[in-house]
Every structure is written in structure tokens, then in C-alpha cells.
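First to last, the protein sequences are chains S and X.
Every letter in the first sequence is one number past the one before it in my numbering, and letter 187, counting from 1, is 194.
Every letter in the second sequence is one number past the one before it in my numbering, and letter 158, counting from 1, is 165.
Note that the Cβ used here is the ideal one computed from N, Cα and C, for glycine as well.
Just so we're clear, the structure is a prediction, and the values are computed from it rather than from any experiment.
Working notes for the structure below.
2 protein chains.
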Amino acid sequence: MVKYKEKSASETEERILEAAKHEFMRFGIEGTSIQQIADAACINKSLVHYYFRTKEKLFKRIFIEAFSSFISHVEDIINRDISFQKKIEQIIESYIDLLKNNSYLPGFIIHEVNRNPDRLFELIQNANIKPQKIINQISIEIEKGKIRKVDPRHFFINVLALCIFPFIARPLLQRIFFNNNEKNYMKFIDERKKEITEFIIQSIKS
Amino acid sequence: MVKYKEKSASETEERILEAAKHEFMRFGIEGTSIQQIADAACINKSLVHYYFRTKEKLFKRIFIEAFSSFISHVEDIINRDISFQKKIEQIIESYIDLLKNNSYLPGFIIHEVNRNPDRLFELIQNANIKPQKIINQISIEIEKGKIRKVDPRHFFINVLALCIFPFIARPLLQRIFFNNNEKNYMKFIDERKKEITEFIIQSIKS
DNA sequence: GTCTATATGGCGATAGAC
DNA sequence: GTCTATCGCCATATAGAC
Chain S
8 MVKYKEKSAS ETEERILEAA KHEFMRFGIE GTSIQQIADA ACINKSLVHY
58 YFRTKEKLFK RIFIEAFSSF ISHVEDIINR DISFQKKIEQ IIESYIDLLK
108 NNSYLPGFII HEVNRNPDRL FELIQNANIK PQKIINQISI EIEKGKIRKV
158 DPRHFFINVL ALCIFPFIAR PLLQRIFFNN NEKNYMKFID ERKKEITEFI
208 IQSIKS
Chain X
8 MVKYKEKSAS ETEERILEAA KHEFMRFGIE GTSIQQIADA ACINKSLVHY
58 YFRTKEKLFK RIFIEAFSSF ISHVEDIINR DISFQKKIEQ IIESYIDLLK
108 NNSYLPGFII HEVNRNPDRL FELIQNANIK PQKIINQISI EIEKGKIRKV
158 DPRHFFINVL ALCIFPFIAR PLLQRIFFNN NEKNYMKFID ERKKEITEFI
208 IQSIKS
């Protein structure tokens, strides 16, 4: 009996992907050369072309993956069958954890979306984003009198802002408030989970 | 009597500066070519070199100006002699107004600071940023019992986050929530001044 | 699959005519 | 001050040996 081979990427391919992710995230597509990626992956420059043909194709692959991880995270939690307050807690908790391991992720997406907004067209279609679902859930809480009357869109954006901003502005904040001490900043970020959960809960008390 | 001539930039120079600002903000230094700037300014490529010698020098000029306008705004309000609550209102109001006219400003600074953190060293020295002043003011309000006990650093970052994030994430939010309608998004941003002022005041009630 | 060598093109920067 | 012409470099990408 023939066992069909799983489509598993070669080790070299994986190395390139990892290196490309790292460099693109930090420096953007224009600020990253193929040589730079090859060096980071400790392989020959030509191999990048062998596996991905063009820089653009490689970039798209990285970008789509990054964008999905950024978006799907929230969608996922929104759909869980738990109380509203628990959802907020979990969104904050898991979003901050995601970003702790991907500090450059939000800045990367922002920069590349500004640079070329056309990317969004295809992506948002495929991602199948349904903001209405989130909005509705918030509206229901208001109707039930559980939280005070707020614009659901503003509220949702507030939650995201409080989670994401410290990572976007990290180089600045870390330097200004923590003398560029990475460890202390990360401790601060961890405290933040509790801090902004309280902040948000308090702000919507009815 | 000789009237000393004011050091006034030529029209060409101004055009270059304006075009450079526009292109750099959106595409970053690596994503912007001198030809691109020249085209946007409707002048010959060589004139850029004539006035600013190198791309790097031109970029630094733009970046420093952008960074200052981004930072000094808060400092300014912090120092005003008005009540704490008024300060918060004014920071929100004027920060959002600034960003309405400079949507790309925060993303630009973030990207360039990530790409080359060394820039921060010199800049933060010169900018003479004193976060302690802000922190102290918040601490005093807590001691006076005017607001509940919050970590002043978290609180300060929260205020900034709520103001700045909608501009950083504008392309995404505008598309997802407003079908990419610019006017509606701007109306939304204006509502936001009142919305997040309430949100913040509510969240720190003692 | 991996390497070296090379083609091709664009960019930053300068020289020099006007 | 403004333009054209050009140099030198580096990046993407391909060809072809192994």
C-alpha cells in the first residue's frame, strides 16, 4: 500500500521562511535584501530564488501568514461560549501573549498596508472578517443592562488599542520609561494584562 | 542701513521638503527613491541633491521634525496650569486633531525607529523628555483621592494608545468598519474625542 | 539541491554645460 | 539654480556547472 507523502517543507525552505519573517518584520520588504535573508538563514542567496522564485512571492507568503495570525486570534475568542467579561479577559490575555512573541508584528502589518493598501483587498475577502458579530455581542450586553451605553465600535477599538499599542510603540516606551531595559519592559507588559482588564471593566460599568 | 536677509528657503526647497515628507511618511526611507520625491515635487532629480546633498540628510531633516511634533505636543499640555481632567480632555482633543492632519505620522515614526533604533539615542537626548513630570501629576491625583489607584505609567500609555491607535490602524479599521469610506471614518474619529474622554474618566473614578 | 558566475536594471551621487 | 550625462554600486534574478 502506498503511503502518500505529506507535503513537508525541506529544512532549507523552513530556514528561509523563518529568516525572511524575522527580517521582513523588522525592516519591511524594501529594507530587506535577499542577501540579508540568506545570511540570516545561513544559506546561499540563490537558494532563496530556487525555493520562492521572487522576493515578492516570498514576501506575500510571510505577509499573509502574519496578517492571519493577527486577525484570526480575536475572531477565535469571540466565538467561544463564555461570558462577555471572560471574553474580554481572554482576548487581552492571549493577544498580549501573542504579541510578546511577535513584537514587530503590528508595526509590520501597518507599514506594509500603508505602503500598498491594495494588499488588503484580497486579504480581507479571504480572511472572511465579520466585525458585525463582535459588535452585536457588545450591543446585547448593553441591552441586557450589563454594561453602560457605549458605541460598540469604539469599545472594540479601545480594547485592541490598549493591547496592541505598547508593542507598536515599544522602542519609544521602553527607552523613555525603562531606560531601554528589556526585562523590565516585559514585566511591565505582563502587569498590563491585569491593569487594562480592570481599566476596561471599570470604564463600562453601568 | 543694511537689512539682513532672513534665512528663507527657496520655493524649490520648500517643494522638495513637502514632497519628501509626503513620500517618506507613507513609504519609509527605503521605499522612497529620490526620483519619486522629485516627481512629487515636479522638479529635476538633481535639485534634490543640490539642496540637501544626500537622501539621508533630507530624511533626517524630515524625521526630526516629525518626531518633535509627535512628542512636544503632549509635553506642552502637561505643563499648562489647568485641572487634571481638563488636561486629559485637551490632550485627547489636540492629539487627535494633530493626527487628523497627519495620519501617517505615528506609523512613520514607529517604522523608522524599529528599522534603526540608534536614531532614538540622539533624538531623545535633544528632545529633553521628562516622563517623570507626567507620572508625578498622576500620582498626586491619586494621593488626593481624586482618582482610583492606578499605575501612572499604564494610565499614561492608555491615554496615548486610545488616541493614536485609530490612526495607526486606520487602513484596516476604515475598511473593516466603514467600507473604506474616508468621510465616515473621519466623523467616527471626531466622535471619538468625546467617547474616549468618557471612557477614561469613567475608568479612573475613585 | 546547492553553488558560482553573470546578466540586467535601478538607484544615489557627481561633473559639467548652460 | 537648473539641467543632462554619466559613473559606480548593489539588488534581483537567471544560467549553468556540480
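Start-to-end residues for the alpha helix (DSSP H) that takes in C170(S): On the first sequence, residue 170(S) is found 163 positions in, with the first residue counted as 1. From DSSP, the alpha helix (DSSP H) with C170(S) extends over P159 to I175.
F128(S), buried or exposed, once every other Cβ within 10 Å from all chains shown has been counted against 16: The sequence position of residue 128(S) within the first sequence is 121, counting from 1. So F128(S) ends up on the exposed side.
Buried versus exposed, by CB contacts within 10 Å (16 or more), T61(X): Here residue 61(X) refers to the residue found at position 54 when the second sequence is read from its first residue. Under this definition T61(X) is an exposed residue.
Those residues which DSSP pairs with K212(X) across a bridge: Along the second sequence, read from residue 1 onward, the residue named residue 212(X) stands at position 205. K212(X) pairs with I154(X).
Collapsed DSSP secondary structure at G218(S) in the structure displayed: Since the first and last residues shown for chain S are 8 and 213, residue 218(S) lies out of range.
8 angstroms Cβ cut-off: residues of chain S touching D158(X): Here residue 158(X) refers to the residue found at position 151 when the second sequence is read from its first residue. Within 8 angstroms Cβ-Cβ: E198 and E202.
Among I44(S), Q97(S), I89(S) and F31(S), nearest to K6(S) - alpha-carbon criterion: An answer regarding residue 6(S) cannot be provided, because it is not within the stretch 8 to 213 covered by chain S.
Identity of the residue in G35(S), I208(S), E18(S) and A26(S) nearest I116(S) by Cα: By 1-based counting over the first sequence, the position of residue 116(S) is 109. Considering only alpha carbons, the answer is G35(S).
is_contact[R216(S), chain X] using C-beta, thresh 7 angstroms: With chain S covering 8 to 213 only, the question about residue 216(S) has no answer from this structure.
Own chain residues within Cβ distance below 6 angstroms of F91(X), not counting five before or after: Numbered from its first residue, the second sequence carries residue 91(X) at position 84. Take F91(X), set aside five residues on each side of it, and the residues of its chain with a beta-carbon closer than 6 angstroms to its own are E148, in chain order.
Exposure of G114(S), with buried meaning 16 or more beta-carbon neighbours within 10 Å: The sequence position of residue 114(S) within the first sequence is 107, counting from 1. So G114(S) counts as buried.
Top-ranked residue by Cα proximity to L179(X), from I207(S), A47(S), F77(S) and L24(S): Here residue 179(X) refers to the residue found at position 172 when the second sequence is read from its first residue. Of the listed residues, the one whose Cα sits closest to L179(X) is F77(S).
Test: S210(X) CB closer than 7 angstroms to a CB of chain S: Translated into the one-based positions of the second sequence, residue 210(X) becomes position 203. True, the Cβ-Cβ gap to chain S drops below 7 angstroms.
Alpha-carbon to alpha-carbon, I131(X) and I99(S): By one-based count along the first sequence, residue 99(S) stands at place 92. By one-based count along the second sequence, residue 131(X) stands at place 124. Roughly 31 angstroms separates the two Cα atoms.
The segment 78 to 88 of chain S touching the segment 100 to 108 of chain S, judged by at least three CB pairs closer than 8 angstroms: At 8 angstroms Cβ cutoff, the stretches touch.
Chain S contact residues for F172(X), given Cβ-Cβ distances below 9 angstroms: By one-based count along the second sequence, residue 172(X) stands at place 165. Result: I164, N165, L167, A168, L169, I171, F172 and I175.
Beta-carbon proximity list for I171(X), same chain, < 8 angstroms, skipping 5 on both sides: Taking the first residue of the second sequence as 1, we reach residue 171(X) at position 164. Within the same chain, Y102, L106 and P113 come within 8 angstroms of I171(X) by CB-CB distance, once the 5 residues on both sides are set aside.
For F162(S) and Q139(S), the rounded distance between their alpha carbons: Looking up residue 139(S) in the first sequence gives position 132. Looking up residue 162(S) in the first sequence gives position 155. Whole-angstrom Cα-Cα distance: 13 angstroms.
Length of the line joining the Cα atoms of F184(X) and N191(X): Numbered from its first residue, the second sequence carries residue 184(X) at position 177. Numbered from its first residue, the second sequence carries residue 191(X) at position 184. The straight-line gap from Cα to Cα measures roughly 10 angstroms.
Outcome for R155(S) when other beta-carbon atoms lying within 10 angstroms are tallied against a minimum of 16: Taking the first residue of the first sequence as position 1, residue 155(S) is located at position 148. R155(S) is exposed by the Cβ-count criterion.
The alpha helix (DSSP H) enclosing R126(S), as first and last residue numbers: By 1-based counting over the first sequence, the position of residue 126(S) is 119. From DSSP, the alpha helix (DSSP H) with R126(S) extends over D125 to A134.
Coil, strand or helix - K64(S) by DSSP: Against the first sequence, residue 64(S) aligns to sequence position 57. Three-state result, K64(S): helix.
Interface partners of E37(S) on chain X, CB under 7 angstroms: Here residue 37(S) refers to the residue found at position 30 of the first sequence. Within chain X, the residues near E37(S) are G35, E37 and G38.
Closest Cα partner of K201(X) within the set K93(X), A134(X) and G38(X): Taking the first residue of the second sequence as position 1, residue 201(X) is located at position 194. Among K93(X), A134(X) and G38(X), the Cα nearest to that of K201(X) is on K93(X).
Rounded C-alpha distance that separates A48(X) from R182(S): If you number the second sequence from 1, residue 48(X) lands on position 41. If you number the first sequence from 1, residue 182(S) lands on position 175. For A48(X) and R182(S), the distance between alpha carbons rounds to 36 angstroms.
Listed by chain order, chain X residues near F31(S) by CB distance under 7 angstroms: The residue you call residue 31(S) lines up with position 24 of the first sequence. The CB of F31(S) never comes closer than 7 angstroms to any CB in chain X; the least such distance is about 12 angstroms.
Proximity to N108(S) [Cα-Cα], best of I145(S), L54(S), L65(S) and F174(S): Counted from its first residue, the first sequence places residue 108(S) at position 101. For N108(S), the nearest C-alpha among the options comes from F174(S).
Per-residue DSSP class, three states only, for T39(X): Position 32 of the second sequence, counted from the first residue, corresponds to residue 39(X). If DSSP states are grouped into helix, strand and coil, T39(X) belongs with coil.
First and last residue of the uninterrupted alpha helix (DSSP H) at R22(S): Taking the first residue of the first sequence as position 1, residue 22(S) is located at position 15. Residues E18 to F34.
Chain S residues whose Cβ lies nearer than 7 angstroms to that of Y111(X): As a working note, residue 111(X) is residue 104 in the second sequence. Those are N121, listed as they occur along chain S.
Rounded straight-line distance, which links the Cα of E18(S) to that of K12(S): Start at 1 with the first residue of the first sequence, and residue 12(S) comes out as number 5. Start at 1 with the first residue of the first sequence, and residue 18(S) comes out as number 11. Residue placement at K12(S) cannot be trusted, given a pLDDT of 48 that sits under 50; what the coordinates show is reported in the next sentence. The alpha-carbon atoms of K12(S) and E18(S) are separated by roughly 16 angstroms.
Separation of R126(X) from H89(X), as counted between CA atoms: Translated into the one-based positions of the second sequence, residue 89(X) becomes position 82. Translated into the one-based positions of the second sequence, residue 126(X) becomes position 119. The residue you asked about is not His; residue 89(X) is Ile in the sequence shown. For I89(X) and R126(X), the distance between alpha carbons rounds to 34 angstroms.
Beta-carbon spacing of L54(S), A27(S) below 7 angstroms: Within the first sequence, numbered from 1, the residue matching residue 54(S) stands at position 47. Within the first sequence, numbered from 1, the residue matching residue 27(S) stands at position 20. Going by C-beta atoms, L54(S) is not nearer than 7 angstroms to A27(S).
Helix, strand or coil at K94(X) [DSSP, three-state]: By one-based count along the second sequence, residue 94(X) stands at place 87. Three-state DSSP puts K94(X) in a helix.
7 angstroms Cβ cut-off: residues of chain X touching R182(S): On the first sequence, residue 182(S) is found 175 positions in, with the first residue counted as 1. The contacting residues are L127 and I131.
Host alpha helix (DSSP H) of K220(X) (start-end): Shown here, chain X extends from 8 to 213; a query on residue 220(X) therefore has no answer.
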